[in-house]
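Residue numbers (our numbering), protein chains in the order written: chain A, 1 to 60; chain B, 1001 to 1403. From the three backbone atoms N, C-alpha and C, an ideal C-beta is built for every residue, glycine too. Source: prediction; values computed, not measured. The structure under discussion appears below in the form of structure tokens.
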Amino acid sequence: MSISDFFRREPKSLKGIKERSGVAQGAELALPALKPITGEQARAALKRSRARREEAGGAA
Amino acid sequence: MQPWPGEVLEERAGEIAVGFAALLTRQAAWRHRRVERIDVLSHEQVRRSVSVDFTVPREHRDELRLGDGQWAVPLAVLDKRKLVHFDLLGEDGYALPLMRSDEVQLIARELLYMVLDLDLDGADLDFDAGDLIERVLAAGPGDGPVVSARVAEVADRAPEFAALATTLTSGFLLCAVLTDVSRRRVVKFAYDEPLGRPDRFSHFYGTQGCTEAASYHVELAVPDGMRARSADMVDNRTGGLLLEGPRDSDRPGLHYVAGAEASDEPGLRVRYATERGGFLVPAMLVAWVIAAELGFAALFADLHGIATTGGPAVAVLLSISAVFSSLVLRAGEHPLVQLVLAPYRMLLGTATGMAVLAGAALAFRGSPTLLDLTWGIGAVVAVVVAGILSIEVARAPATAKRP
């Protein structure tokens, strides 16, 4: 037992507390907050992106 | 000839990605609740169990259809590292099928192209999107920095694509295959994870999923013999307190509803302590008994006279050893409790050792100087140990009332 263990006190700030603790980060990642996409927008985007890919494939 | 399962997915990947785009950009609108439970298995490992309560919106059910009577539902994004003891279970506790990473890649590829198209909003591409997307999907745990740097180069032209691609560089979509999405469902997944930098008192458990449902609940199964002195949700980046949890709880639970303010690095910060009843109080009492025996004898007894008859000294020696052994050799204790209590056991061991030494000096008829030294030093050590243990008892939480 170290002296600092015996005199353990709450840190003044919790900023960066992860670096001063035992850490279980979790295997999950947060998805970025993207603008909501409707089904119609997504379908139209899929169609356009496929056409673009076909075009690029044809050009190659 | 009917298509084989792999061919079905290739055909359906675009349509499923349409459904995923709608669901993943409004996660709190269809995921009612997420409950995370963290079990501290040892001082090196925890098990995290997550249950996701959701209803697939009727308008997107057809899009998620994989084939006859099967639907793919995105539950979370998981890190690409290897998961230990991973389970995916339905409400009834039976295992559910999980889409393989190469299957999910087919959908993620379409999703990335889709988000890129929306980002570009009709503008021409001035980078090789196909190559970048393939690198993102194929990135392994060690490729993250290189691929993320390439993604960052296009962030000003396609910010949402870059944000999604960065996440999918280091993670993959966890997708369950369900046979019924016509009703509200609860799907559970669980895995073990190591505890980096084991610490005796302060732990930080990442809670990245706290914004991915309308309501988030996290509970901690504290090992027997311990209490969580505090369990708060904090933002590690800013140090801000997101939610204050209960104090001195043996099973703290926090209910969090994410507001408009986004937290960069949310987590559950827990400060542990051992209960005073299990070891600390008996240890303190034993230490005071040793201190009293050694101290009073050193001050008032005729030690040299007693040394001529070894009987009482041997009795003291044996009785202390017996009490000490019953406190130290405790089987079935949780590994984290053992780790926290180890220094106090060492202290008690030191006091007992001094008592044994003093008793031995008496039993073997040591010289008056040796008797004075062993009993005097032993008494001082025992008083210091008893003092430290008393302070720890005063600091420690009371023992939980368990049924």
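Three-state class that DSSP yields for residue i in the structure shown
i, result
"residue 1099 (chain B)", "coil"
"residue 1151 (chain B)", "helix"
"residue 60 (chain A)", "Residue placement at residue 60 (chain A) is flagged as unreliable, the pLDDT there being 48, under the threshold of 50; a coordinate-derived value is accordingly withheld."
"residue 1071 (chain B)", "strand"
"residue 53 (chain A)", "helix"
"residue 1195 (chain B)", "coil"
"residue 957 (chain B)", "This structure gives no information on residue 957 (chain B), because the portion of chain B shown stretches from 1001 to 1403."
"residue 1060 (chain B)", "helix"
"residue 37 (chain A)", "coil"
"residue 22 (chain A)", "strand"
"residue 1379 (chain B)", "helix"
"residue 1384 (chain B)", "helix"
"residue 1304 (chain B)", "helix"
"residue 17 (chain A)", "helix"
"residue 47 (chain A)", "helix"
"residue 1394 (chain B)", "helix"
"residue 1053 (chain B)", "strand"
"residue 1109 (chain B)", "helix"
"residue 1172 (chain B)", "strand"
"residue 1204 (chain B)", "strand"
"residue 1093 (chain B)", "coil"
"residue 1083 (chain B)", "coil"
"residue 1130 (chain B)", "helix"
Candidates the options, of which the one nearest residue i by Cα
i, options, result
"residue 1103 (chain B)", "B:1006, B:1133 and B:1059", "B:1006"
"residue 1029 (chain B)", "B:1052, B:1015, B:1039 and B:1038", "B:1052"
"residue 1049 (chain B)", "B:1070, B:1058, B:1086 and B:1066", "B:1086"
"residue 1101 (chain B)", "B:1170, B:1213, B:1343 and B:1069", "B:1170"
"residue 1038 (chain B)", "B:1376, B:1257, B:1253 and B:1361", "B:1253"
"residue 1397 (chain B)", "B:1077, B:1227 and B:1201", "B:1227"
"residue 62 (chain A)", "B:1033, B:1022, B:1035 and B:1041", "Residue 62 (chain A) is absent from the structure shown; chain A starts at 1 and stops at 60."
"residue 1250 (chain B)", "B:1240, B:1274, B:1379 and B:1163", "B:1274"
"residue 1192 (chain B)", "B:1374, B:1097 and B:1082", "B:1082"
"residue 1036 (chain B)", "B:1338, B:1123, B:1129 and B:1190", "B:1190"
"residue 1122 (chain B)", "A:15, A:29 and A:45", "A:45"
"residue 10 (chain A)", "B:1258, B:1027, B:1272 and B:1224", "B:1272"
"residue 1363 (chain B)", "B:1353, B:1062 and B:1307", "B:1307"
"residue 1404 (chain B)", "B:1065, B:1008 and B:1354", "Absent from the model: residue 1404 (chain B). The displayed extent of chain B is 1001 to 1403, so no value can be given."
"residue 1132 (chain B)", "B:1119, B:1151, B:1114 and B:1126", "B:1151"
"residue 37 (chain A)", "B:1154, B:1112 and B:1034", "B:1112"
For residue i, the residue or residues it bridges with in DSSP
i, result
"residue 1178 (chain B)", "B:1071"
"residue 1256 (chain B)", "B:1216"
"residue 1002 (chain B)", "DSSP lists no partner for residue 1002 (chain B)."
"residue 1045 (chain B)", "B:1194"
"residue 1031 (chain B)", "B:1054"
"residue 1036 (chain B)", "B:1050 and B:1218"
Pair within 8 Å by beta-carbon distance, residue i and residue j
i, j, result
"residue 1269 (chain B)", "residue 1234 (chain B)", "yes"
"residue 1110 (chain B)", "residue 1017 (chain B)", "yes"
"residue 26 (chain A)", "residue 1207 (chain B)", "yes"
"residue 1174 (chain B)", "residue 1024 (chain B)", "no"
"residue 1107 (chain B)", "residue 1013 (chain B)", "yes"
"residue 49 (chain A)", "residue 1117 (chain B)", "yes"
"residue 1263 (chain B)", "residue 1241 (chain B)", "no"
"residue 1045 (chain B)", "residue 1282 (chain B)", "no"
"residue 1256 (chain B)", "residue 1216 (chain B)", "yes"
"residue 967 (chain B)", "residue 1380 (chain B)", "The structure shown does not extend to residue 967 (chain B), since chain B spans only 1001 to 1403, so no value can be given for it."
"residue 1383 (chain B)", "residue 1267 (chain B)", "no"
"residue 1347 (chain B)", "residue 1388 (chain B)", "yes"
"residue 1179 (chain B)", "residue 1069 (chain B)", "yes"
"residue 1202 (chain B)", "residue 20 (chain A)", "yes"
"residue 1219 (chain B)", "residue 1232 (chain B)", "no"
"residue 1181 (chain B)", "residue 1004 (chain B)", "no"
"residue 39 (chain A)", "residue 1059 (chain B)", "yes"
"residue 1214 (chain B)", "residue 1031 (chain B)", "yes"
"residue 1137 (chain B)", "residue 1098 (chain B)", "no"
"residue 1209 (chain B)", "residue 28 (chain A)", "yes"
"residue 1183 (chain B)", "residue 22 (chain A)", "no"
"residue 1358 (chain B)", "residue 1378 (chain B)", "yes"
"residue 1187 (chain B)", "residue 1090 (chain B)", "yes"
Distance cut-off 7 Å: residue i Cβ against heavy atoms of the ligand GTP
i, result
"residue 1357 (chain B)", "By its list of ligands, the structure shown contains no ligand whatsoever, and the ligand GTP lies outside what it can speak to."
What residues in the stretch 24-35 of chain A have a beta carbon less than 7 Å from any beta carbon of chain B?
-> 24, 25, 26, 27, 28, 29, 30, 31, 32, 33, 34 and 35
Can you give me, in chain order, the residues of the stretch 1071-1092 of chain B that have a beta carbon less than 8 Å from any beta carbon in chain A?
-> 1076, 1077, 1078, 1079, 1081 and 1083
Chain-ordered residues of the stretch 1182-1216 of chain B with a beta carbon less than 8 Å from chain A = 1191, 1193, 1194, 1195, 1196, 1197, 1198, 1199, 1200, 1201, 1202, 1203, 1204, 1205, 1206, 1207, 1208, 1209, 1211 and 1212
What residues in the stretch 1163-1174 of chain B have a beta carbon less than 7 Å from any beta carbon of chain A?
-> Of all residues in the stretch 1163-1174 of chain B, 1163, 1164, 1167, 1170 and 1171 have a Cβ within less than 7 Å of some Cβ in chain A.
Interface residues of the stretch 1101-1125 of chain B facing chain A [CB-CB below 8 Å] = 1110, 1113, 1114, 1115, 1116, 1117, 1118 and 1125
Along the stretch 1017-1029 of chain B, what residues have a CB closer than 9 Å to any CB found in chain A?
-> 1017, 1018, 1019, 1020, 1021, 1022, 1024, 1025, 1026, 1027 and 1029
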